[in-house]
Amino acid sequence: MFNALDQVFVNALHWLVGFLPEALRPLVSSLLAVAFVLMVFPGIFAIVTVIERKGLGRIQNRYGPNRVGIPFTKIRLCGFGQFIPDGIKSLTKEDIVPRAADKVVHFLAPVVMLIPVLLAYSVLPFGRNMTITDYDAGLLFFFAVGGAVEISVFMAGWSSHNKYSLLGAMRAIAQMVSYEIPLILSAVTVVMIVGSLNLNNIVAAQNHYTFGIAHWHVFTPWGLLGFVLFFIAALAESNRTPFDLPEAESEIIAGYFTEYSGFKFALFFLGEYLGMFAISGLGITLFLGGWTAPFSFLIWVPSYVWFISKLLGIIFVFIWIRGTLPRLRMDQLMNFAWKFMLPLALINILIAGIWHFMDHDWLRWPVCSTLIVLAYVTLGRGLMQNQKLGKRIYRFAE
Amino acid sequence: MTLSIIITAIVTILAAATAMSLRNLVHSVLALAVAFAGIAAFYLQLDAQFVGFAEILVYVGAVAILIVFAILLTRSGEAPDQSVLGPGWFYGIIVSALVFTAIGWAILNSSALPTEVPVASDATVKHIGEALMTKYVLPLEIIGLVLTAAMIGAVLIALREVSTAGGSRRESAPSENLSGLTSTATNSSLGGKA
Chain A
1 MFNALDQVFV NALHWLVGFL PEALRPLVSS LLAVAFVLMV FPGIFAIVTV IERKGLGRIQ
61 NRYGPNRVGI PFTKIRLCGF GQFIPDGIKS LTKEDIVPRA ADKVVHFLAP VVMLIPVLLA
121 YSVLPFGRNM TITDYDAGLL FFFAVGGAVE ISVFMAGWSS HNKYSLLGAM RAIAQMVSYE
181 IPLILSAVTV VMIVGSLNLN NIVAAQNHYT FGIAHWHVFT PWGLLGFVLF FIAALAESNR
241 TPFDLPEAES EIIAGYFTEY SGFKFALFFL GEYLGMFAIS GLGITLFLGG WTAPFSFLIW
301 VPSYVWFISK LLGIIFVFIW IRGTLPRLRM DQLMNFAWKF MLPLALINIL IAGIWHFMDH
361 DWLRWPVCST LIVLAYVTLG RGLMQNQKLG KRIYRFAE
Chain B
399 MTLSIIITAI VTILAAATAM SLRNLVHSVL ALAVAFAGIA AFYLQLDAQF VGFAEILVYV
459 GAVAILIVFA ILLTRSGEAP DQSVLGPGWF YGIIVSALVF TAIGWAILNS SALPTEVPVA
519 SDATVKHIGE ALMTKYVLPL EIIGLVLTAA MIGAVLIALR EVSTAGGSRR ESAPSENLSG
579 LTSTATNSSL GGKA
């Protein structure tokens, strides 16, 4: 019964494809899988835009959208119908292209943004037997297509012929290139321990239980550090606060998509959120056990439910951070990536190696934990040494 | 299979030719990125997943961005007025085609060429990983050490704070109450990155 519920999408796909002649089956089944991704994740995007506006509203002590519900009725759904008028608005708005803009590149940039982001979903395991393409080098594929996003950001910023766009694009590329290194290095620890670049194998390695608790990587010392590093780098890669310098409204209007309007802007918006979901999904796969349950008595819950709830949980933390932290300065951003996260990620690789070679020895828990705390404290103290940080004195505010 | 290879070949060659002939350097870089992606598609069609992904990761993700930065940081975006092709480009094409034909003919007819087509080896990512960890472990370790040293060196170069005239940038808040407002404007410049 539970197994049938778990595999309902897989079985439905097989059942649907079964009606077709043999030659068409691979094509149609891959098309259906693509349609699944194109339906589910933009759907989550639509809901998340409302959740984000409402959540930020709560944090900032205001209501947020709470009016739009089902049209022609009095049902308001707490404002969760808001994404439909938002979408219609962005579809029907005038598409303005600046006269000085490079027309072709300006047109292509949102498309180039969306394609690699959607490609990244093809290797993520959404549930048991629910991976679209089972590449041996799935993790490498994910990072490879992620690198193509930078090109689209540059295209958007450069083709607009606007200084704010170009500044935003330069900031975005510098930030993405810098934070890609701790991102990949923190993912390398998982590859070292599991011994595979295949995301399905990585999930399978975490699908064991001791005393009813899952063997998620985040429950180990190196995994915890790796997850925190990955999470911070993922925030920066998806241009979220406190790393939202590429689109800092108060400094450079909207960054690289200043000159975009209407549906092209919506495509950028969609691409950014889909990128955020994809990288969160990768973090879930690498450290939070993918589609597996945290406790063995909960394995009856369908696997895709676990994946989606973990995704929504991470997005909730993203929104929470956005409502809480102020924006970093550019030099702080770069210092943090190169002087703090990069050394810590390198040390974490070493610690993962120690963890691996102290196999089945309970001593590895205290040893690795101590090493991590030591590295964190030494690095933090070392960087803070020359900075006389005191109480900030305001001249006019007090 | 062959049709997709032909399509990829046409796209790649067209993109490479465009990259050579466009006046605007940024357009050339974008065309070059398409050519890189086309080459990666070739590798993927030949079932060389690792090389294909590495091609995208390194060339599209890093090299193209590096060239873009180099262009933006060194020269203005003005395109040159005259054509990038020299006046004798037509004869150049004829001569290079002749040379290519001669070399190709010589290679195809040489006795050094193996007559049998070698069997395609099964180069999955797993096999590459196993080879790197057993047979080529020393070169791998050396390359890893060199790259790590280069990365740490880059960080060390960036670690040294250049103290600007009139006090360092960081300590402005407690010590310099009067100039605190004016000094914040210089901090957000792009030049602070590594």
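Protein chains in written order, with the working numbering: chain A, 1 to 398; chain B, 399 to 592. Heads up, the beta-carbon is just placed ideally off N, CA and C, and yes, glycines get one too. Just so it is clear, the structure is predicted and the values come from calculations on it, not from any experiment.
Residue pairing for A/Ala214: DSSP places it in a beta bridge opposite A/Tyr209. If you check the CB distance, A/Phe9 and A/Trp300 do not come in under 8 Å. Rounded to the nearest whole angstrom, the C-alpha separation of A/Glu22 and A/Leu13 is 15 Å.
With respect to B/Thr410, B/Ala429 sits apart: the two C-beta atoms are not nearer than 8 Å.
Within the segment 143-163 of chain A, contact with chain B at the beta-carbon level (separation under 8 Å) is assigned to Phe143, Ala144, Val145, Gly146, Gly147, Ala148, Glu150, Ile151, Phe154, Met155, Trp158. The shortest CA-to-CA distance from A/Phe227 to any of A/Arg381, A/Pro326, A/Ile184 is the one to A/Ile184.
Within chain A, Ala137, Leu140, Phe141, Ala144 have C-beta atoms less than 7 Å from the C-beta of B/Phe451, given in sequence order. Among the residues facing chain B, A/Ile88 is not included, as its CB has no counterpart in that chain under 8 Å away. In the structure shown, A/Phe126 falls within a coil segment according to DSSP collapsed to helix, strand and coil. Nearest to A/Ala234 by alpha-carbon distance, out of A/Ile279, A/Glu272, A/Ala214, is A/Ile279.
The CB of A/Lys264 never comes closer than 8 Å to any CB in chain B; the least such distance is about 18 Å. Within chain A, no C-beta atom comes less than 9 Å from the C-beta of B/Leu530; the nearest is roughly 12 Å away.
Shown here for A/Ala337: same chain residues with a beta carbon closer than 6 Å to its own, the five before and five after excluded, namely Ser178, Tyr179 in chain order.
Short of 7 Å from the beta carbon of A/Val218, and not among the five residues preceding or following it, lie these beta carbons of its own chain, in chain order: Leu224, Phe227, Phe287, Leu288.
Here A/Asn11 is exposed, its C-beta having fewer than 16 other C-beta atoms within 10 Å.
When rounded, the separation of the alpha-carbon atoms in A/Met358 and B/Pro537 is 26 Å. Beta-bridge partners assigned by DSSP to A/Phe295: A/Ile213.
The segment 92-105 of chain A and the segment 250-269 of chain A touch, with three or more beta-carbon pairs separated by less than 8 Å. Taking C-beta atoms under 8 Å as the contact rule, A/Phe154 and A/Ala169 qualify, at a distance of about 5 Å. Taking a beta-carbon distance threshold of 8 Å, A/Lys339 counts as an interface residue toward chain B. The shortest C-alpha to C-alpha distance from A/Leu282 to any of A/Val190, A/Leu56, A/Asn239, A/Ala293 is the one to A/Val190.
Under the three-state reduction of DSSP, A/Asn61 is assigned to coil, being neither helix nor strand. Residue contact with chain A for B/Ile463: present (Cβ-Cβ distance below 8 Å to some residue of chain A).
For A/Met334, the secondary structure class from DSSP, reduced to helix, strand or coil, is helix.
With respect to B/Val458, B/Ala415 sits apart: the two C-beta atoms are not nearer than 8 Å.
B/Gly542 carries a helical assignment under DSSP once its states are collapsed to helix, strand and coil. Using beta-carbon distances, B/Gln447 counts as an interface residue toward chain A, with a partner under 8 Å. Residue environment analysis places A/Thr210 among the exposed positions, since fewer than 16 neighbouring C-beta atoms fall within 10 angstroms of its C-beta. Under the Cβ criterion of 8 Å, A/Leu197 is counted among the residues facing chain B. Rounded to whole angstroms, the Cβ separation of A/Phe141 and A/Val123 is 5 Å, and the two are in contact under 8 Å. The residues Pro110, in chain order, have a CB closer than 6 Å to that of A/Lys264 in the same chain once the five nearest residues on each side in sequence are set aside. Leaving aside the five residues that flank A/Asn66 on each side, the residues in its chain whose CB is nearer than 8 Å to its CB run, in chain order, Lys54, Arg76, Cys78, Gly79. For secondary structure counted as the alpha helix (DSSP H) over 4 or more consecutive residues, the segment 421-508 of chain B holds these complete runs in sequence order: 423-443, 447-453, 462-472, 487-507. Taking 9 Å as the Cβ-Cβ cut-off, the segment 342-372 of chain A approaches chain B at Leu342, Pro343, Leu346, given in chain order. Taking CB atoms only, B/Val466 has a neighbour in chain A less than 8 Å away.
Counting the other CB atoms within 10 Å of its CB gives A/Lys74 a total below 16, which places it among the exposed residues.
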